[in-house]
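Notes follow once the structure below has been shown.
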Amino acid sequence: MPPLPYYLGSGLTEYKSGDQHPHRSNIGAYDLLMLVRGEMYIGENGSQWTLTEGDMLLLLPDGEHYPIRPCDQDTVFYWVHFEHAPRRDASVAEEVENNTSPYTTRPFINPYTLRLPKYMHLTDSRTVFGMVEQLLTQPSTLSFWQEQQLLGELLGLLEEECFGRTDSVASRLAERTVAYLQANYREKITNEAIATALHFHPNYIVRCMKSRYGCTPSDYLQQFRLERAKRLLVTTDWSIDRVAEEVGFRYSPYFSSCFKQEFGSSPLQFRKQYLK
């Protein structure tokens, strides 16, 4: 199972007039800010925002966060810290920082895709704030998995806030494509096979995947297979040939080549990192 967003903590903070957000960098976690009232002036990696009531801002774990100027009125905001799978390439990071892409990670890095915008105004802030309050007021006996569930529900609610418009034929087709790929990744899959299964032209399916997830079906499939292979290499003593076959690669040398290109080490070298 690929990594999901991991809840670290949350809080409700009040700044008096003259207070400001701390200057820090590379904190190692996403910092989700949601303004309840007042104004906050904050920057990250050269970009600046003035946050007002109902605004949301997602600060990156490897970014530099700093105040633009102190608050000029009493300001109250929620914050939620969480971890998630790292972005793999600089172009994605640049897209997020420049807000040119709604995705904070490529969907084919793992099948759970964190799809939050850098900044947005919450149309239903009361419901969102209520979800955060559940995290804040949870009893100390709440299990780890219950915390993660609450975080997942919160992030899902924020996704709906921003991407409600994606409930379209094209978006649903992209989601069906992903479901098909995950269910059949062990088999030989071609664009024509996907088209036959889903009853749409293969070119249209590719366009829908690129629009919704930023990748082609073949891109998604290969990354999904490689992520599954990583798990099998760590959790089983199967041979490299068997792992390759189990995740849908017909030729072990090709699997090893793809694995090394993606992760920087051969399957055997990767496995040795986890051997005691």
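Just so we're aligned, residue 1 is where the sequence shown starts under full-length UniProt numbering, counting upward by one. Even glycine gets a Cβ: it sits at the ideal position worked out from N, Cα and C.
By DSSP's criteria, residue i is part of a beta bridge. Which residues make up the other side?
| i | result |
| --- | --- |
| R69 | Y41 |
| H81 | G9, D31 |
| W49 | I42 |
| S25 | E64 |
| T75 | Y15 |
Using a 10 Å radius around the Cβ and a threshold of 16 neighbouring Cβ atoms, would you call residue i buried or exposed?
| i | result |
| --- | --- |
| G11 | exposed |
| D55 | buried |
| D62 | exposed |
Within the continuous alpha helix (DSSP H) that includes residue i, where are the two ends?
| i | result |
| --- | --- |
| E246 | 240 to 246 |
| F200 | No alpha helix (DSSP H) contains F200, which DSSP labels as neither H nor E. |
| L58 | Here L58 belongs to no alpha helix (DSSP H); instead the beta strand (DSSP E) covers 55 to 59. |
| Y254 | 252 to 263 |
| Y119 | Looking at the DSSP string, Y119 is not in any alpha helix (DSSP H); the run it does join, the beta strand (DSSP E), is 119 to 121. |
| G214 | Careful: G214 lies outside any alpha helix (DSSP H) and carries neither H nor E. |
Are the beta-carbon atoms of residue i and residue j separated by less than 8 angstroms?
| i | j | result |
| --- | --- | --- |
| G156 | L4 | no |
| L158 | V80 | no |
| G18 | P67 | no |
| M131 | L116 | no |
| A197 | Y180 | yes |
| G248 | E175 | no |
When the Cα of residue i is compared with those of the options, which residue comes out closest?
| i | options | result |
| --- | --- | --- |
| Q20 | Q273, A193, D72 | D72 |
| Q138 | G9, F270, Q273, K272 | G9 |
| E39 | Q134, I27, Q273, W49 | W49 |
| T118 | M34, N191, G18 | Reading off the sequence, residue 118 comes out as Lys, not Thr. Closest by alpha carbon: M34. |
| C162 | V128, R250, I194, Y180 | V128 |
| S125 | H23, R37, V234 | R37 |
| N26 | E83, A179, S211, K210 | E83 |
| H23 | Y41, Y7, Y6 | Y41 |
| Q134 | L150, D237, L122 | L150 |
Quick one: is residue i near chain B, going by C-beta distance under 8 angstroms?
| i | result |
| --- | --- |
| G54 | Included in the structure is just one protein chain, with no chain B present. |
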